[in-house]
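Mapping the sequence shown onto the working numbering, position 126 (from 1) lands on 241, and the numbers just tick up by one. Note that CB positions come from ideal geometry on N, CA and C, so glycine has one too.
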Amino acid sequence: MNLAVTVRRPAVAGAFYPADAAALRLEITRCLTPAAVLPSVQLPASAVAGAAARGRLKALIVPHAGYIYSGPTAGRAYAEIAAQRSAIRRVVLLGPTHRVAVKGIAVPSVASFRTPLGDIPLDRTAIDALAGLPYLVTADAPHAQEHSLEVHLPFLQTVLENFSLIPLAVSQTTVVEVADLIDRLWGGDETLIVASSDLSHFHTYAEAQQIDNDTVAHILKLELLTSYEQACGAMPINGLLQVARRRGMSIGRLAQCNSGDTAGDKSRVVGYASFGLYETPQTQTSLGPALLASARQAIAAHFGAAQPNVNHAAYASPGATFVTLTLDGQLRGCIGSLEAHRPLGDDVRANAQSAAFRDPRFKPVSAEEFQRLKVEVSLLSKPVTMQFASETDALSQLRPGIDGIILVAGAARSTFLPQVWEQIPEPRQFIAQLKLKAGLPANVWPEGIKLFRYEVQKWKE
């Protein structure tokens, strides 16, 4: 096989970082040395110590600009790996596409990625095992000139021993799809997840600080970002944050600055921050089984049945759930929250009891029925407002099987979970039935109607 098609060669060496191996090693060493980091970039020692005490590092969010701009901020993140360098044998690297867009998430066909420090083998076995996922495409063009992945490789080659790489160019996709892919590649102690992103672009120094501080505050609460203006890698970040919330992980900011602090003009800057995400023994248990057990436990408590208490680290954070009950394959109750307004653990327990005993469409579940009930729990993302000019325009934007939709028209309000697409796969009928559910005529498009979309992660007994 021709070497040219089995190796992805460096595209930004000599521009974003030195092309000479010796010079590159010196630059990496500078970025990894805390004393070399500007005071505005470095966190207090107490904050660094707190990060190390959070648990085992599992994932990083790291900027991807030229090293003279964001290198120290990236270096602070990669220095965090030191204690686990011998354990990590695989890196899942996700970054946004800046040059070539594709529908979905792109993996390359090559066998390795090259930098001035040598070649990094791809985990072709893991990549090939993902074949068939509807959102994953094999395409080399999105990777060929993409810097958002490449700039991390020399850091990884320096701080890790032998490792393989799974490079993912995240383009026209959804939070649910990115989170699903991260979950599939999560692995154990041998796998590190890295999401690549800068923050705001081309504001004044003071404006950027205000915008970036707000963005950082959202990330530290594991809240999904709502705009690419906050971060060019908002989609990789959001996918990782969604998984982190589900798994009850902790997060810490490791460094933050903008290009005005390092090598740029303060009249037009780019923001940077790095974060570590950490697992504890408790968070390594999947959230899904815990939610299902809590829902069933809450219903059982109504009948006086004693069951072991279920808890999870994610339960303390706000969360929005729907609990769906079926009996012999038929709907028996469904109640939920459209927005997170209370701790996740409280929300799933309350919605389980409401679905069983307070759904106005059904009589309360009996003790005999409870034994045969099947429980499904959906965890909702934050609803996002849809922009459209007409009903036809709105229908063209719907994503069957992915979107949950909230319809609001005056006092009328209704929602369908994404699961409803299984019964109503045609968008026009989907919206018509949603209007009927809200008490509106199916063939009328009310003035001032609003639509919001959300996505779900779901688990079913």
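Is the CB-CB distance between residue i and residue j below 7 Å?
i: V252; j: A221; result: yes
i: R360; j: L337; result: yes
i: E274; j: A323; result: The sequence shown places Val at residue 274, rather than the Glu named in the question. No.
i: V490; j: R411; result: yes
i: I203; j: L355; result: no
i: Y184; j: A310; result: no
i: P231; j: A134; result: yes
i: S389; j: T144; result: no
i: A126; j: Q260; result: yes
i: A470; j: V438; result: yes
i: I326; j: S315; result: yes
i: S224; j: D243; result: no
i: E122; j: R229; result: Checking the displayed sequence, the identity of residue 122 turns out to be Val instead of Glu. Cβ atoms of V122 and R229: closer than 7 Å.
i: L392; j: A174; result: yes
i: V206; j: F270; result: no
i: H258; j: G363; result: no
i: T436; j: V463; result: yes
i: A346; j: S286; result: no
i: N353; j: L340; result: yes
What residue does the beta strand (DSSP E) around residue i start on, and which one ends it?
i: E491; result: L488 to L495
i: Q345; result: Premise fails: Q345 is in no beta strand (DSSP E) and is neither H nor E.
i: I271; result: Reading the sequence as shown, one finds Leu at residue 271 and not Ile. Looking at the DSSP string, L271 is not in any beta strand (DSSP E); the run it does join, the alpha helix (DSSP H), is L268 to V274.
i: S432; result: Careful: S432 lies outside any beta strand (DSSP E) and carries neither H nor E.
i: I242; result: From DSSP, I242 is part of no beta strand (DSSP E) but of the alpha helix (DSSP H) over R239 to A244.
i: A174; result: R171 to V177
Counting along the chain, where does the alpha helix (DSSP H) carrying residue i start and finish?
i: C146; result: A136 to L147
i: Y182; result: Y182 to A194
i: P458; result: Run containing P458: none; DSSP gives neither H nor E here.
i: Y320; result: Y320 to L335
i: L406; result: L402 to H417
i: T377; result: S374 to T377
i: K381; result: It is not in any alpha helix (DSSP H) - K381 carries neither H nor E in the DSSP assignment.
i: K575; result: Element bounds for K575: not the alpha helix (DSSP H) but the beta strand (DSSP E), V571 to K575.
i: I546; result: P542 to K552
i: S227; result: No alpha helix (DSSP H) holds S227; the beta strand (DSSP E) holding it covers S227 to T230.
i: A509; result: E506 to Q512
i: L264; result: H262 to E265
i: E483; result: A482 to F485
Residue i bridges to which residues according to DSSP?
i: Q445; result: L442
i: S279; result: R205
i: V252; result: A221
i: T530; result: I521
i: Q371; result: A388
i: P498; result: In DSSP, P498 forms no bridge with anything.
i: P236; result: S227
i: L566; result: L522
i: H213; result: Answer is none; H213 lacks a bridge partner.
i: H316; result: V385
i: A128; result: Y132
i: G451; result: F437
i: Y394; result: In the sequence under discussion, the amino acid at residue 394 is Glu, which differs from the Tyr named in the question. BP columns for E394 point to R171.
i: G123; result: Reading off the sequence, residue 123 comes out as Arg, not Gly. Its beta-bridge partners are F228.
i: I602; result: Nothing about residue 602 can be read from this structure; the chain reaches only from 116 to 576.
Whose CA, out of the options, lies closest to the CA of residue i?
i: Q548; options: K565, E562 and T530; result: T530
i: P249; options: Q325, L280 and E292; result: E292
i: L264; options: R214, L495 and C146; result: R214
i: L555; options: A416, L522, A259 and A435; result: L522
i: D518; options: V499, G525 and T507; result: V499
i: G375; options: F418, F317, S201 and R140; result: F317
i: W574; options: V206, T148, E305 and A408; result: A408
i: K288; options: P211, L271 and R239; result: The sequence given here places Thr at residue 288; Lys does not occur at that position. The shortest Cα separation from T288 among P211, L271 and R239 belongs to P211.
i: A284; options: I235, A332 and G348; result: G348
i: I82; options: A553, V571 and E570; result: Within the shown structure, residues of the chain are numbered from 116 to 576, placing residue 82 beyond reach of any answer.
i: V559; options: G303, K550 and L340; result: K550
i: F472; options: H258, C449 and I334; result: C449
i: P458; options: Y430, G190 and A416; result: Y430
i: R568; options: A370, L510 and R476; result: L510
i: R514; options: S505, M501 and A526; result: M501
i: A370; options: S481, R447, V331 and G233; result: V331
i: G453; options: S496, A467, T441 and T148; result: According to the sequence shown, residue 453 is Leu rather than Gly. For the residues S496, A467, T441 and T148, the minimum Cα distance to L453 belongs to S496.
Check: Which runs of the alpha helix (DSSP H) fall wholly inside the segment 277 to 312 and span at least 4 residues, in chain order?
Finding: Segments of the alpha helix (DSSP H) lying fully in the segment 277 to 312: 290 to 299.
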